[in-house]
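Engineer:
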Amino acid sequence: QQGEPAEAPATQVLRPDQVADFISWFATSPPEFVLTEGIVLPIGEGMP
Numbered sequence: 001q002q003g004e005p006a007e008a009p010a011t012q013v014l015r016p017d018q019v020a021d022f023i024s025w026f027a028t029s030p031p032e033f034v035l036t037e038g039i040v041l042p043i044g045e046g047m048p
């Protein structure tokens with residue numbers, strides 16, 4: 001349907017527990033670590 005966001009393929013979507021693990025790791029990562037790119041959708045767009 002037009003106007004509704006398209007659902008991302010399962011190969012490109014992380015489960016909520018994986019996202020939480022990544023955020024925890026990122027928050028405690030070494031200061032030398034640089035994240036160069038990320039795509040984050042607002043939670044409302046990612047929920048069914």
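Taken in order, the sequence shown gives residues 1 to 48; the numbers are from full-length UniProt numbering. We put the CB at the ideal spot given by N, CA and C, even for glycine. Please read all numbers here as calculations on a predicted model, not as lab measurements.
Please report how far the alpha carbon of Thr36 lies from the alpha carbon of Gln12, in whole angstroms.
Structural biologist: In the sequence shown, the residue the question calls residue 36 occupies position 36. In the sequence shown, the residue the question calls residue 12 occupies position 12. So the alpha carbons of these two residues sit roughly 17 Å apart.
Engineer: Phe33 by DSSP, collapsed to three states: which one?
Structural biologist: Along the sequence shown, one-based indexing puts residue 33 at 33. Coil at Phe33, not helix or strand.
Engineer: Do you know how far the Cα of Pro30 is from the Cα of Pro9?
Structural biologist: Reading the sequence shown from its first residue, position 9 is the one you call residue 9. Reading the sequence shown from its first residue, position 30 is the one you call residue 30. Distance between the alpha carbons of Pro9 and Pro30 is about 31 Å.
Engineer: Which residues bound the alpha helix (DSSP H) around Gln12?
Structural biologist: Taking the first residue of the sequence shown as 1, we reach residue 12 at position 12. Careful: Gln12 lies outside any alpha helix (DSSP H) and carries neither H nor E.
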